[in-house]
Ligand code: PBG
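Residue numbers (my numbering): 63 to 393.
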C-alpha cells in the first residue's frame, strides 16, 4: 500500500546510510557462498587460468590450503573440479571410477585436514575424464546415450561419496540420474550425503573459460544441446526441477546465473526447496574484463550481481569471486 506525495516520499528512508542499512531487504554474507576450485596433478603446483583471471588450478596441497582459507572466511562449502591429465582421459571416462583419482585425493585431503569445518561438493559428469569432452558416453552416431551414462554416473557418485564427499552435484543433465544416484547412495550407507542437482542447466555460451580450466575445450567437438536445456525454455525448467525433487535431490541449482534470474525466481516461488545459482566462468570473466577495461569496478559489480541472486530467492551462489567477496563482506 503506497500513499500520496508528499505524505509518502520513498527517498526519506534512502536519505542516510544507517537508514538504508535498516531498510535493506536482502542480505549477502560469506555463508551464502560456494567456492569452485580446480584440482591439478602434482605437488606445490599453481597454474593460473588465462581466461579466468585471478583463478588458478591447484595441486591437492594447494586445494587443502584454499579449503582452510574458505573455512576461515566463513564460506561453508567448496566445489571441486579436476583437470585430469590428458593420458588418463578415455572414451568411456573410466578414470572417474578410480578411487585414487584427483577428485578423490582432493576430497580425502580436505576432509582429513578440515573435517566438518567445511563441506565438499563434487561434480558428477564425465567431461573432465573423457577424450571427447562430452559429459556422457557417446555412441557411433555421436549421440550421448542416456541410460548407459547414468549407470557410470552412479559409480562415479558412489566413488566420490566413499572418498568423503558431502554433497554430490550431478551436472550432466541425463534423465533419471538423480533417482539412480540417490538409491545407490542409500544402498551404500551414504544416507546423509546430499544431492544438489544441476536441475536447470542450459546449453550456454558462458561456459568457455571453465572448459579451459578442466582442459576439455580443446577436446570437445560439437555442443551439448542434446542434453543441456534450450535457453528459450522456462516451463521445461520447472519440469526438470519437479523431477529432480521427486527423485531425491536435497537442493537444486540453476545454471548459468544472471541470465536466468527468472528461472531462479519461478523455482523458488513454486517449490519449497533450497535453490542455488551457479555464476559461471563466463559471467565471472565478464566482470574481470569490465574491470580491466575500466568499464566498471570489480567489487561493486560482483556485489551487485550476487545480491541479485539472493533477491531472486537463492539460498546460495557458486562463484569464483567467493573468497574475494567474503573478504569484502567480512571487512
Ligand atoms: C560440465 C560442467 C560445466 C560447468 C560445470 N560443469 C561446463 C559444461 O557443461 O560444458 C560450467 C561451469 C562454469 O562455466 O563455470 N559438466
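Each residue gets a CB set at the ideal place from its N, CA and C atoms; glycine is no exception.
Quick check on this structure: which residue in the options has the alpha carbon closest to the alpha carbon of residue i?
i           : options               : result
residue 218 : 243, 265, 315 and 150 : 243
residue 319 : 306, 332, 293 and 309 : 293
residue 360 : 85, 371, 348 and 370  : 348
residue 129 : 274, 178 and 342      : 178
residue 325 : 227, 122 and 261      : 261
residue 388 : 374, 375 and 368      : 368
residue 89  : 205, 376, 330 and 380 : 376
residue 380 : 252, 113, 99 and 299  : 99
residue 216 : 204, 200 and 252      : 252
residue 386 : 351, 303, 279 and 346 : 346
residue 338 : 352, 315 and 331      : 315
residue 200 : 76, 283 and 333       : 283
residue 147 : 137, 158, 139 and 138 : 158
residue 210 : 191, 220, 110 and 237 : 237
residue 222 : 241, 212, 91 and 255  : 255
residue 212 : 166, 154 and 168      : 154
So the alpha helix (DSSP H) residue i belongs to, where does it begin and stop?
i           : result
residue 387 : 384-392
residue 340 : Element bounds for residue 340: not the alpha helix (DSSP H) but the beta strand (DSSP E), 337-340.
residue 211 : 208-225
residue 371 : 360-374
residue 244 : 239-249
residue 330 : 323-332
Could you give the distance in angstroms between the alpha-carbon of residue i and the alpha-carbon of residue j?
i           : j           : result
residue 286 : residue 265 : 6 Å
residue 354 : residue 207 : 42 Å
residue 68  : residue 86  : 23 Å
residue 246 : residue 358 : 47 Å
residue 362 : residue 374 : 18 Å
residue 80  : residue 74  : 12 Å
residue 106 : residue 370 : 37 Å
residue 114 : residue 66  : 50 Å
residue 321 : residue 327 : 12 Å
residue 259 : residue 184 : 11 Å
residue 234 : residue 127 : 29 Å
residue 93  : residue 312 : 18 Å
residue 96  : residue 323 : 18 Å
residue 187 : residue 202 : 20 Å
What is the residue span of the beta strand (DSSP E) that residue i lies within?
i           : result
residue 117 : Unbroken run through residue 117: none, as it is neither H nor E.
residue 185 : 181-186
residue 99  : 95-101
Quick check on residue i: does DSSP put it in helix, strand or coil?
i           : result
residue 195 : coil
residue 143 : strand
residue 230 : strand
residue 263 : strand
residue 67  : coil
residue 313 : strand
residue 152 : strand
residue 87  : coil
residue 256 : strand
residue 379 : strand
residue 110 : strand
residue 348 : helix
residue 276 : coil
residue 165 : helix
residue 300 : helix
Within the present structure, is the beta-carbon of residue i separated from the nearest heavy atom of the ligand GTP by less than 7 Å?
i           : result
residue 193 : Within the structure as shown, the ligand GTP is missing, the only ligands being the ligand PBG.
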